[in-house]
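The structure is reproduced here in structure tokens:
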């Protein structure tokens, strides 16, 4: 099935969600009818039967049966209003084998597109938000994996990803041969195991302990402060909105950004940072940066003359504070400490400008 046709079917699913009565069965029947060449939505009758429902389209009947009857069970997923929804799980017993086989393939591709993507088996593919070999990704987690790949000379290609279809619903995702690996920490562990890499070689036990604590402070505390400055602070939102949603079709880009922003705000409130006043959030961000300062200025990288795992984590946050276009307290503090700027420029010059 061609990509354009598959996208059309997926769009039909989303549209049908808002209007149909028997949507759990009816959406699948719409898909089958579309595959079999009928015009979308041309139902002549819907009637009950002992096994469930029968839909009739131009004399061809499609039966939706109960779970205890024979048939195949499928799970279709779609993206609606910024949320990944499990739309339906039904059993189908079809009179047309061709429609059934194509449906199986279609639904599996919708559910897990990364499994079916054409890829270069010899090349790692990093799915990220804004792939650019000369510039770190706006996502600190995508940039973290990308810098790790660069530091350890692992050839890769960057590709724009879709977090709604990713295995864990987020980016980055690394395609390695037939494997789709999600989550930045899991990706790095996977690469270390496969390529026999020790990302903290030469570090003492004390340095490894400090590395762990710094990484967790940045990813599980400072990250949410940075998220607030970009998505909730009006100055940051003016930049984020066109960056992430500028390419959406006109009707959607008026609605989806506000919905996603509300989800981010709700997530920040659940995490805790979002419950504080702006001044308190700025204080906590400033506090993290002040406690980072003693680790900078003595050597080229945090723990010596060569970068380690902690540099892959810290660099994206400092780069983001310095180069994100909007003004913020994080940017002011980072720019106010010269070793931070020198550190960022050192990594940019070594790993990003020679591509």
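Residue numbers (my numbering): 6 to 360. Every residue gets a Cβ at the ideal spot worked out from N, C-alpha and C, and that includes glycine. All values derive from a computational prediction rather than experimental measurement.
Looking only at DSSP bridge pairs, what is residue i linked to?
{"i": "residue 349", "result": "BP columns for residue 349 are empty, so no partner."}
{"i": "residue 130", "result": "162, 180"}
{"i": "residue 185", "result": "180"}
{"i": "residue 309", "result": "306"}
Taking 8 Å as the threshold (C-beta atoms), are residue j and residue i in contact?
{"i": "residue 371", "j": "residue 339", "result": "For residue 371 there is no data in the structure shown, the boundaries of the chain being 6 and 360."}
{"i": "residue 309", "j": "residue 207", "result": "yes"}
{"i": "residue 332", "j": "residue 266", "result": "no"}
{"i": "residue 156", "j": "residue 356", "result": "yes"}
{"i": "residue 278", "j": "residue 233", "result": "yes"}
{"i": "residue 261", "j": "residue 253", "result": "yes"}
{"i": "residue 190", "j": "residue 173", "result": "no"}
{"i": "residue 141", "j": "residue 163", "result": "no"}
{"i": "residue 235", "j": "residue 329", "result": "yes"}
{"i": "residue 351", "j": "residue 316", "result": "no"}
My assumption, with CB atoms under 8 Å, is that residue i sits in contact with residue j. Please give the rounded CB distance.
{"i": "residue 314", "j": "residue 243", "result": "Not quite, the Cβ-Cβ distance comes to about 34 Å (not below 8 Å), so this is no contact."}
{"i": "residue 4", "j": "residue 290", "result": "Shown here, the chain extends from 6 to 360; a query on residue 4 therefore has no answer."}
{"i": "residue 144", "j": "residue 196", "result": "That pair is no contact at about 18 Å."}
{"i": "residue 287", "j": "residue 334", "result": "4 Å"}
{"i": "residue 258", "j": "residue 237", "result": "Not confirmed; about 19 Å, so no contact."}
{"i": "residue 159", "j": "residue 200", "result": "7 Å"}
{"i": "residue 136", "j": "residue 170", "result": "Going by Cβ atoms, the distance from residue 136 to residue 170 rounds to 16 Å, so no, they are not a contact pair."}
With 8 Å set as the bound, which would you pick, yes or no: does the beta-carbon of residue i sit closer than that to a beta-carbon of chain C?
{"i": "residue 244", "result": "Chain labels in this structure do not include chain C; a single protein chain is all it has."}
Problem set entry | Every unbroken alpha helix (DSSP H) inside the stretch 319-349 [4 residues or more] | 334-340
Problem set entry | the stretch 139-159 in contact with the stretch 303-320 per 3-pair CB rule at 8 Å | yes
For this session: Would you check if there are 3 or more beta carbon pairs closer than 8 Å linking the stretch 125-145 to the stretch 163-183?
Result: yes
For this session: Would you list, in sequence order, the uninterrupted alpha helix (DSSP H) runs of no fewer than 4 residues that lie entirely inside the stretch 216-287?
Result: 228-236, 239-250, 255-276
Exercise. Is it a yes or a no for the stretch 241-261 touching the stretch 346-353, going by three-plus beta-carbon pairs under 8 Å?
Worked result: no
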